[in-house]
Every structure is written in C-alpha cells, then in structure tokens.
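Here's the structure we're looking at; comments come further down.
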Ligand code: GLY
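Here is the structure:
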C-alpha cells in the first residue's frame, strides 16, 4: 500500500522535545504529509526545500509528499541516495553536501529527511555542517526511525573503524512520525523496529512492557495501538533527551542491548541479509538481561520473560540465531572495543535489576563479558 497524502485522518499525538532554544515537536498519526507541508511552509515562508530520500522510499512515498509541498507553493528539489547502511559513508556525505550546495540550499532553507535511519543520520549530519548548520525535518519511514533515530539529534556516518563514529548532535526542527508509512514495511523490517519499541519498557517502564506483551500483534496490524506504542516510545525518548542531550548520563540508558548489538553488526559486516540493526538489538536486549542474571543483578524469571517475548514476536534472542554465526567470544569482545561506550578500554554496559529497572554499569571487566559470551555460545540457544 502506498501512502496517500490525506489532509486529515484520525487523531494526532504531539510529543514535545523540550530543549531550550531548540525545542521541537514530534507529530504522530496516520497520513500527515499535507499537514507536514503546511507546517514547513509556516516555519520557513518563501524558502526552498531539499527532499533527501533513498531510491526505494522515493518510489513509495516521495510523489505524495511532493504533491503536498506543491500545494503549499514550496519550491523543492529531490535528492535520492542508494538504500542501505553503505550510504552512511564519507563518499555519500561529500556527495550530498555538494548536491545541496548545487541546489543552492541556503541557511534559511529546509532539508527534509524522508526515509529510515540511514537517510535520517546522513541527512542530519550534512544539515549539521552545511553552511555551518541548516534546519532539517525528519519524516521517518521505518518503525525503528520513528521511535529512535529520528528523535534526539544524533546524526552521523560510519567509518571503517565502526558505526556512527563520525557525526554531530544536530536537532531536527520537526519530526513527522506518519504511522501509515509503516504499512509498506516488510514484516522483517517492522519487527526489527519493534525491538526498539519494547526497549523502552525494559529500560524504565514495566507497565509498558506488560502492555507490549498483550498488544504486539495489534501494533503490527496498525491500529491505534501502533500510534500509542510510537507515542510512548517518543515520549520516553524526548524525556531522556531533554535532561541529557549530549549523553553525559541518563541518555546512555537508550543503549540497552546496543553494545552487544553493535559488535554483532560489525562481525556480520553490516550485511542486512544476515542481520539488521533491530535484530541485533533484540539479541542484545536478551543478552543484557541474561548477563545481568549471571552477575546476580536480575532474576532468571525476568531474563526468560524478555527472551520469551522476543521469541513470540519472531525476533532473535540468542547468538546461535545470527545467520552465518556470530564469531568467537574473543571476536565479539574485541568488536565491542570500538563502541562509543568504551572509555579508556573499560566497558560501560546497560544492565538491569529487572524489567523496567535498567541502569548504567561502568567498569564492567572484559573477562566477565568474555566468560558470559563463552557460556552463551556453548549453550543450546533455545534452552534459556
Ligand atoms: N539511539 C540512542 C540515542 O539516541 O541516544
């Protein structure tokens, strides 16, 4: 189903991100393109828009958004990049800067990122540095981007040394989480994004985890439960970002499961046919709870409940489920070494005292992690 540009359709949920001088709203609801165009026209009267998207998203959604921009009398140019993680590269960064300069995008103009996390991260980073900073609007088209990467201003590209190692904090001026756009996602991609939804329950909202267990099929089906889930996730993220924009403290909680996940993505060569980010996060969430259990921090019941929910949804929860293998314990720990949560060689993990009771654990010994990974690799993946 392609997205239609409907003027209004159903309820809207607006989540503010309260950052002094850089406050913005996240608008959640179905079929919002023409409302988005009207908001952009109001933000920047008479300005141009550059619509950055990828080739796949362009085919599905760009014409409908462009129709709405035209209706508002906004002059726009479309720039499409190839889909896939490889686009978060130095080469694409340079090419996009030059394309925007060639299109004469100026300080007062607006850059729209229409796409998933790759388009949002690359476009946001370019917007952060182009002419020393231009405003950008996130219109995320994946569940993962709607509940995580489009909110909070983390932008960047990958280096040969690891993911997201080159980037900037640059907050969007507006986020449009049009949940109808998610109707076009494959089941695999939707479920991968769901790992980032359930993460918010596991961090500090046990009632939301209960609700997810009861409602996940309805979130996938696309009813009001989907909008509710996106709104809960965005509210949780907005609250954390408002109190710790630069990740000097609490924002690190959003990395629950991610130290493991980034290592697995690195070891599978960022090959989306093997593992996509959300799948790696799902395994990382289960590992974080089992590691917490091993350290005597969390009950086995809670660790099992996390894995069971991921299994029920159809997400991976063990290292054995990494297609082609995850690598040795030594390789996995070494792959964690480039993570931004590593400070002077000591690992920082997000661990948990239970569901909804996550905390930041500094100075976790690499030997503990290695022994845990070894036990996971030797375990029967379904025996947890
Ligand atoms: N994705 C984690 C964060 O935005 O901090």
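Numbering (the working numbering), first residue to last: 4 to 387. We treat Cβ as the ideally placed atom computed from N, Cα and C, and that holds for glycine.
Neighbourhood of residue i by C-beta, 8 Å cutoff - its chain only, sequence neighbours within 5 removed
{"i": "residue 334", "result": "270"}
{"i": "residue 173", "result": "127, 128, 130, 131, 136, 139, 156 and 158"}
{"i": "residue 176", "result": "27, 46, 113, 138, 139 and 140"}
{"i": "residue 52", "result": "43, 72, 77, 78, 79, 80, 112, 113, 114 and 115"}
{"i": "residue 327", "result": "271 and 277"}
{"i": "residue 356", "result": "295, 300, 301 and 362"}
Spatial distance of residue i from residue j (CA atoms)
{"i": "residue 111", "j": "residue 66", "result": "24 Å"}
{"i": "residue 82", "j": "residue 28", "result": "25 Å"}
{"i": "residue 4", "j": "residue 154", "result": "Because the pLDDT at residue 4 is just 32, under 50, the model does not fix this residue reliably, and the point stays unresolved."}
{"i": "residue 189", "j": "residue 223", "result": "11 Å"}
{"i": "residue 75", "j": "residue 232", "result": "31 Å"}
{"i": "residue 266", "j": "residue 90", "result": "20 Å"}
{"i": "residue 246", "j": "residue 261", "result": "21 Å"}
{"i": "residue 191", "j": "residue 60", "result": "17 Å"}
{"i": "residue 301", "j": "residue 277", "result": "30 Å"}
{"i": "residue 372", "j": "residue 304", "result": "21 Å"}
{"i": "residue 244", "j": "residue 256", "result": "11 Å"}
{"i": "residue 62", "j": "residue 281", "result": "24 Å"}
{"i": "residue 218", "j": "residue 226", "result": "10 Å"}
{"i": "residue 249", "j": "residue 22", "result": "12 Å"}
{"i": "residue 317", "j": "residue 43", "result": "38 Å"}
{"i": "residue 292", "j": "residue 181", "result": "32 Å"}
{"i": "residue 279", "j": "residue 88", "result": "10 Å"}
{"i": "residue 220", "j": "residue 184", "result": "18 Å"}
{"i": "residue 193", "j": "residue 378", "result": "31 Å"}
{"i": "residue 325", "j": "residue 338", "result": "15 Å"}
{"i": "residue 308", "j": "residue 236", "result": "20 Å"}
{"i": "residue 370", "j": "residue 38", "result": "53 Å"}
{"i": "residue 241", "j": "residue 216", "result": "23 Å"}
{"i": "residue 108", "j": "residue 96", "result": "16 Å"}
{"i": "residue 374", "j": "residue 54", "result": "48 Å"}
{"i": "residue 24", "j": "residue 69", "result": "29 Å"}
{"i": "residue 84", "j": "residue 20", "result": "29 Å"}
DSSP state of residue i mapped onto helix, strand, coil
{"i": "residue 175", "result": "coil"}
{"i": "residue 280", "result": "helix"}
{"i": "residue 378", "result": "helix"}
{"i": "residue 243", "result": "helix"}
{"i": "residue 414", "result": "With the chain running from 4 to 387 in the structure shown, residue 414 is simply not present."}
{"i": "residue 59", "result": "helix"}
{"i": "residue 48", "result": "coil"}
{"i": "residue 356", "result": "coil"}
{"i": "residue 159", "result": "strand"}
{"i": "residue 140", "result": "strand"}
{"i": "residue 351", "result": "strand"}
{"i": "residue 169", "result": "strand"}
{"i": "residue 315", "result": "helix"}
{"i": "residue 399", "result": "Past the edges of the chain, shown from 4 to 387, lies residue 399, and the structure says nothing about it."}
{"i": "residue 329", "result": "coil"}
{"i": "residue 274", "result": "coil"}
{"i": "residue 365", "result": "strand"}
Residue i at chain B interface by Cβ criterion, 9 Å
{"i": "residue 171", "result": "No chain B is present in this structure, which holds just one protein chain."}
Spatial neighbours of residue i in its chain, beta-carbon cut-off 7 Å, leaving aside the 5 residues before and after
{"i": "residue 14", "result": "32"}
{"i": "residue 234", "result": "16, 18 and 31"}
{"i": "residue 380", "result": "322 and 332"}
{"i": "residue 212", "result": "201, 204, 205, 358 and 359"}
{"i": "residue 238", "result": "18"}
{"i": "residue 386", "result": "Because the pLDDT of residue 386 is 46, which lies under 50, any placement of that residue in the model is unreliable, and the question is left without a value."}
{"i": "residue 92", "result": "160 and 161"}
{"i": "residue 41", "result": "75"}
{"i": "residue 376", "result": "332, 335 and 336"}
Own chain residues within Cβ distance below 6 Å of residue i, not counting five before or after
{"i": "residue 26", "result": "none"}
{"i": "residue 263", "result": "287 and 290"}
{"i": "residue 315", "result": "none"}
{"i": "residue 196", "result": "145, 146, 147 and 281"}
{"i": "residue 296", "result": "303 and 306"}
{"i": "residue 118", "result": "56, 57, 60 and 144"}
{"i": "residue 9", "result": "In this predicted model, residue 9 has a pLDDT of only 38, less than 50, meaning its place in the structure is not dependable enough to derive any value."}
{"i": "residue 151", "result": "199"}
{"i": "residue 208", "result": "359"}
{"i": "residue 319", "result": "282, 285 and 286"}
Residue i Cβ short of 8 Å to the ligand COA heavy atom set
{"i": "residue 277", "result": "This structure simply doesn't include the ligand COA; it includes the ligand GLY instead."}
Legend entry - Complete beta strand (DSSP E) runs within the stretch 72-134 (minimum length 3 residues, chain order): 79-84 and 113-118
Legend entry - Complete beta strand (DSSP E) runs within the stretch 12-45 (minimum length 3 residues, chain order): 16-20 and 27-32
Inset, instruction - Jot down the residue ranges of each uninterrupted alpha helix (DSSP H) in the stretch 189-231, minimum 4 residues, whole runs only, in chain order. - result: 190-207 and 209-224
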